[in-house]
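Engineer: Position one of the sequence shown corresponds to residue 389 (my numbering), numbered consecutively onward. Where is the CB? At the ideal position from N, CA and C, for every residue including glycine. Okay, handing you the structure first.
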Amino acid sequence: MKKLLWISLLLVSTMSFAQTTKDLTKFANVITAKGLKEKLSVIASAEMEGRETASPGQKRAAAFIESEFKRMGLLPGNGNSYQQVYPVYQDVLTEKKLSVNGRSFEWDKDFNFNLQTIANGNATFKEVVFAGYGIVDAEKGINDYENLEVKGKLVVILDGTSNGPVTMGQGGNRAMNANPASPMSKLRQASSKGAAGLLIVSADFPRKNPTATKGNMYMKANVNAGFLMANVSAEVAGALLGNSTPTLATLKDVKKGNYPTDVNIAATKTTENLESSNVVAVLPGTDKKDEYLMLTGHYDHLGKRGDVIYYGADDDGSGTVGVMQMAEAFAAAAKKGFKPRRTIVFMTVSGEEKGLWGSDYYSEHPIFPLDKTTADLNTDMVGRVDTERTTGDSLNYVYVIGHDKLSTDLPIINEAANKASSNITLDYKYDDPADKNMIYYRSDHYNFAKKGVPILFFYDGMLLADYHKPTDTIEKINFELMQKRVTMVYYTACEIAQREDMLKRDLKLNMPAR
Numbered sequence: 389m390k391k392l393l394w395i396s397l398l399l400v401s402t403m404s405f406a407q408t409t410k411d412l413t414k415f416a417n418v419i420t421a422k423g424l425k426e427k428l429s430v431i432a433s434a435e436m437e438g439r440e441t442a443s444p445g446q447k448r449a450a451a452f453i454e455s456e457f458k459r460m461g462l463l464p465g466n467g468n469s470y471q472q473v474y475p476v477y478q479d480v481l482t483e484k485k486l487s488v489n490g491r492s493f494e495w496d497k498d499f500n501f502n503l504q505t506i507a508n509g510n511a512t513f514k515e516v517v518f519a520g521y522g523i524v525d526a527e528k529g530i531n532d533y534e535n536l537e538v539k540g541k542l543v544v545i546l547d548g549t550s551n552g553p554v555t556m557g558q559g560g561n562r563a564m565n566a567n568p569a570s571p572m573s574k575l576r577q578a579s580s581k582g583a584a585g586l587l588i589v590s591a592d593f594p595r596k597n598p599t600a601t602k603g604n605m606y607m608k609a610n611v612n613a614g615f616l617m618a619n620v621s622a623e624v625a626g627a628l629l630g631n632s633t634p635t636l637a638t639l640k641d642v643k644k645g646n647y648p649t650d651v652n653i654a655a656t657k658t659t660e661n662l663e664s665s666n667v668v669a670v671l672p673g674t675d676k677k678d679e680y681l682m683l684t685g686h687y688d689h690l691g692k693r694g695d696v697i698y699y700g701a702d703d704d705g706s707g708t709v710g711v712m713q714m715a716e717a718f719a720a721a722a723k724k725g726f727k728p729r730r731t732i733v734f735m736t737v738s739g740e741e742k743g744l745w746g747s748d749y750y751s752e753h754p755i756f757p758l759d760k761t762t763a764d765l766n767t768d769m770v771g772r773v774d775t776e777r778t779t780g781d782s783l784n785y786v787y788v789i790g791h792d793k794l795s796t797d798l799p800i801i802n803e804a805a806n807k808a809s810s811n812i813t814l815d816y817k818y819d820d821p822a823d824k825n826m827i828y829y830r831s832d833h834y835n836f837a838k839k840g841v842p843i844l845f846f847y848d849g850m851l852l853a854d855y856h857k858p859t860d861t862i863e864k865i866n867f868e869l870m871q872k873r874v875t876m877v878y879y880t881a882c883e884i885a886q887r888e889d890m891l892k893r894d895l896k897l898n899m900p901a902r
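Here is the structure:
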């Protein structure tokens, strides 16, 4: 019965699709492999220097996208501006000193600071507390702080565990930070127990690569801001703990407890006020112009590491130019007198690689009411073929994420749009709540979904090969397949823009909280 109902709803949706969207969908021929390649040749060029958030390259990319929206005749999306600017901060270390009992140690030979947590100024301690590996793990019955009083004191611990270092697992940073033996977990334990600072004894000295004196960018104050955290060599630990032959092996046997010593740490950092932006253009609707459809993709990437550029052609140059080419098609239709009923918002966001910053800022400072935003269609990586798909029709696909969440209307509309256009395989495997890669949380649609806006996320599945590598370059893009994917998204957008009602919000978000 459910299957029959689904089929009949799909047929009705397909008929409605044909009746209400054909004037717009005939402009899908504007979405060409050639047009996509021309735009991506600029976005993923060396001139853009990898488009790292708040960098000159990112701002050049924003200027290019804005100029294209203007050329198409689209209106600025943020009042009189095509950009929604948001603040970004970065700390720069200008002083760095550490001495023990009058002996000065060298930066990068014997110590370095965590710029995200280090406090400004001088700190002096007359004793330290050695807490072994600094691990608290109730499941394993481990509490390295048992019988130790660390409030207001400088804690010294060893990196990793007695079995060796902690490495990044399949779950990425999220799983790593949840590991009781990870540096962040150890920092949280020391801070929660009132310690004034934490020194982690590491084997990574002398450093093979210099430690950056510019910290990670951030939008909001770090929760541990002002907590002193540094990595130190075994030589520093030996001076602190009175061990004359310090190595990580011999330090394992040092007794936990208090050790008198004279430690002076000096750190000075300044905070640079930077900024980044989302690029926003609109095509006003007609009778439903006060309802909105968002088409999003992120135009930032990882920037440069030294002289090496991370081009980000697929991630997410492909989704960015997909949004731009759909804008081209809608604008061409409007010039011929065929305008959408709802207002279309074309938004390329920055900060995605930093933690979905641009879309997070938009969701907290929406230009258009979120309760009047019928959906967000997000394209993030739509130009490559998943390396696990190798033969035949399996290559003619796109992963669709969000089809069973928030709105029962969306999958019906998207299936009908696909049949009416590219007729590629829509693969829903990443909608599994048990997905170990947690793809649902990893792009900008998520910030709309958590506000209740129905979303679909279109993705090629390229987690291996060139993902987040300098080799994510334009010559590896499959522009013919990319054209099919973007055309299908355009057809979906046309139907959502033209239908009588906003999408129902009748499903719960069946995913655990991020």
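Does the region 667-683 come into contact with the region 466-481, if we say contact requires no fewer than three beta-carbon pairs (one atom in each stretch) closer than 8 Å?
Structural biologist: These segments touch.
Engineer: Go through the region 618-655 residue by residue and report every complete run of the alpha helix (DSSP H) that reaches 4 residues or more, in order.
Structural biologist: Counting whole runs of 4 or more residues, the region 618-655 contains the alpha helix (DSSP H) stretches 622-629 and 636-639.
Engineer: Which whole-angstrom value describes the C-beta separation of residue 569 and residue 538, a residue pair presumed to lie in contact below a C-beta threshold of 8 Å?
Structural biologist: By 1-based counting over the sequence shown, the position of residue 569 is 181. By 1-based counting over the sequence shown, the position of residue 538 is 150. Incorrect: roughly 18 Å between the Cβ atoms, too far for contact.
Engineer: May I ask which residues mark the beginning and end of the beta strand (DSSP E) holding residue 483?
Structural biologist: Within the sequence shown, numbered from 1, the residue matching residue 483 stands at position 95. Here the beta strand (DSSP E) through residue 483 covers 471-488.
Engineer: Within its chain, find whatever has a CB closer than 7 Å to the CB of residue 724; leave out the 5 residues flanking it on each side and keep chain order.
Structural biologist: Numbered from 1 along the sequence shown, position 336 holds the residue referred to as residue 724. Same-chain partners within the cutoff: there are none.
Engineer: In the DSSP assignment, the alpha helix (DSSP H) including residue 801 goes from what residue to what residue?
Structural biologist: As a position in the sequence shown, residue 801 is number 413, starting the count at 1. 797-808 is the span of the alpha helix (DSSP H), which, as asked, contains residue 801.
Engineer: Pairs of beta-carbons, one from the region 709-727 and one from the region 888-896, closer than 8 Å: are there three or more?
Structural biologist: Segments in contact, no.
Engineer: Determine, using beta carbons only, whether residue 441 and residue 831 come nearer to each other than 7 Å.
Structural biologist: Taking the first residue of the sequence shown as position 1, residue 441 is located at position 53. Taking the first residue of the sequence shown as position 1, residue 831 is located at position 443. Contact: no.
Engineer: Which of helix, strand or coil does DSSP assign to residue 553?
Structural biologist: In the sequence shown, the residue the question calls residue 553 occupies position 165. Of the three classes helix, strand and coil, the one that applies to residue 553 here is coil, per DSSP.
Engineer: Assign residue 808 to buried or exposed, taking buried as 16 or more other Cβ atoms, counted over all protein chains shown, within 10 Å of its Cβ.
Structural biologist: For this step, residue 808 is matched to residue 420 along the sequence shown. Its Cβ being crowded by 16 or more others within 10 Å, residue 808 is buried.
Engineer: Please tell me whether residue 828 and residue 789 are closer than 7 Å, where the distance is taken between their beta carbons.
Structural biologist: Taking the first residue of the sequence shown as position 1, residue 828 is located at position 440. Taking the first residue of the sequence shown as position 1, residue 789 is located at position 401. Closer than 7 Å, so yes.
Engineer: Could you give the residue range of the beta strand (DSSP E) that holds residue 843?
Structural biologist: Counting from one through the sequence shown, the residue named residue 843 turns up at place 455. It spans 843-847 - the beta strand (DSSP E) in which residue 843 sits, taken as one unbroken run.
Engineer: Sort out for me which residues DSSP pairs residue 530 with in a bridge.
Structural biologist: To locate residue 530, count along the sequence shown from 1; it is residue 142. DSSP output for residue 530 lists 525 as bridge partner(s).
Engineer: Does the distance from the CB of residue 853 to the CB of residue 767 come in under 7 Å?
Structural biologist: In the sequence shown, residue 853 corresponds to position 465, counting from 1. In the sequence shown, residue 767 corresponds to position 379, counting from 1. In this structure, residue 767 does not lie closer than 7 Å to residue 853 by Cβ.
Engineer: What does a CB cutoff of less than 6 Å around residue 432 pick up in its chain, not counting 5 residues either side in sequence?
Structural biologist: Here residue 432 refers to the residue found at position 44 of the sequence shown. Within the same chain, residue 432 has close Cβ partners 699, 701, 705 and 862.
Engineer: Starting from residue 884 and walking both ways along the alpha helix (DSSP H), at which residues does that stretch end?
Structural biologist: Taking the first residue of the sequence shown as 1, we reach residue 884 at position 496. Residue 884 -> alpha helix (DSSP H) spans 867-886.
Engineer: Reducing DSSP to helix, strand and coil, say where residue 514 ends up.
Structural biologist: As a first step, residue 514 must be located in the sequence shown, where it is residue number 126. It is a strand residue.
Engineer: Quick test of the definition: if touching needs 3 or more C-beta pairs under 8 Å, does the region 612-629 touch the region 446-459?
Structural biologist: Verdict: no, contact absent.
Engineer: Only counting the same chain, and skipping five residues up and downstream in sequence, which positions put a Cβ closer than 7 Å to that of residue 435?
Structural biologist: Against the sequence shown, residue 435 aligns to sequence position 47. Only 448 meet the Cβ criterion.
Engineer: Can you list, in chain order, the residues of its chain with a C-beta nearer than 6 Å to that of residue 522? Leave out the 5 residues immediately preceding and following it.
Structural biologist: Within the sequence shown, the letter at position 134 stands for residue 522. Excluding sequence neighbours, residue 522 sits near 532, 545 and 574.
Engineer: Cα separation between residue 709 and residue 437?
Structural biologist: Here residue 709 corresponds to residue number 321 of the sequence shown, with the count starting at 1. Here residue 437 corresponds to residue number 49 of the sequence shown, with the count starting at 1. Cα-Cα distance, rounded: 17 Å.
Engineer: May I ask which residues mark the beginning and end of the beta strand (DSSP E) holding residue 499?
Structural biologist: Taking the sequence shown and counting its residues from 1, one reaches residue 499 at position 111. That run of the beta strand (DSSP E) goes 499-501.
Engineer: Count Cβ pairs between the region 477-489 and the region 681-689 that sit closer than 8 Å; are there 3 or more?
Structural biologist: Judged by Cβ distances under 8 Å, the region 477-489 makes no contact with the region 681-689, as fewer than three pairs qualify.
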